[in-house]
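In full-length UniProt numbering, the protein residues as written are 1 to 258. See below for the structure under consideration.
Rendered as C-alpha cells:
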C-alpha cells in the first residue's frame, strides 16, 4: 500500500508540473511576442501604414484565433486552480473545497468538448493549410524581419497536442454531447454574425487573406471553418472514449488521473 501511495504521489506531482508549466509558459511566450511587436511598431518607419499591419491592429479583437486562445488559456488555467485547491484542502483540512474542485472539473470538461478541442483543431488545420499553400496570405515574409514567427506558430499549433494531453491525464468528466454541441453551435453562430456583419458594413473580410481567394475558394474555406468544428466535436468524444479504455490498460495513466 505504501508503494502505491508513492506512485500516486509521483503521478500527481508530474501532472501538476505539467499544468504549472503550461500556464506559466503561455503568458511568457505571448508577452515576449507582444514586446517584439511593440518594438517593431516603435522602430520600423511607417510600419503602421502598411495595409496588412493597419488592418490587423484595428481588428485584432475580431480575430477568431485570439478568441480561441483566450478559451484555451482559461481551460488550462482551470486545472492549475484545481491543483491549488487540492493542496489547500489537505493543508487546511477543508473538505468543502472538494465541492468547488468538482464544479471546476465539470466546467473545464464542458469547455474542452464544447470549444477548446474542436476549435483548436479547426484553427490548426486551417492555419497550416493556408500557410503551406501560400503563407503570404496569412503571415507575410516581411514580418520575419521584425518578429520571430515562432510564437505565432505556437499559438496555432500547441493547443491541439496540449488539449489531447489534458484529455488523457486531467479530464475526469464527460458532459452531455447534446449540451456541448448546442454550446458549440451557439458560439459559431455568434461569431458568424460578427464575421458576416463586418463584411457587409466594411466591404472586406476580417481576414484579408480571403480577399486574395476566388469566390469558390472562399466558400470552401468558410464551409470548413463552419462545419469542421462539429466533426471535431464528435472526434473529441471518440478520443475520450479511447483514452478511458487506455487508462484501464496502463496503470501509470490511471494513477495520473486519480
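In this text, a Cβ means the ideal position worked out from N, Cα and C, and glycines have one as well. Since we're looking at a predicted model, the values are computed, not measured.
Determine whether the beta carbon atoms of residue i and residue j lie at a separation below 8 Å.
i: residue 118; j: residue 29; result: no
i: residue 225; j: residue 122; result: yes
i: residue 168; j: residue 233; result: no
i: residue 172; j: residue 257; result: yes
i: residue 111; j: residue 184; result: no
i: residue 78; j: residue 108; result: yes
Kindly indicate which three-state DSSP category residue i falls into: helix, strand or coil?
i: residue 82; result: helix
i: residue 95; result: coil
i: residue 213; result: coil
i: residue 244; result: helix
i: residue 207; result: coil
i: residue 257; result: coil
i: residue 170; result: coil
i: residue 46; result: coil
i: residue 229; result: helix
i: residue 148; result: coil
i: residue 250; result: coil
i: residue 10; result: helix
Contact check, residue i vs residue j under 8 Å by CB: the rounded distance?
i: residue 89; j: residue 97; result: 4 Å
i: residue 124; j: residue 160; result: 5 Å
Does the beta-carbon of residue i have 16 or more other beta-carbons within 10 angstroms, so that it is buried, or is it exposed?
i: residue 193; result: exposed
i: residue 35; result: exposed
i: residue 15; result: buried
i: residue 138; result: buried
i: residue 65; result: buried
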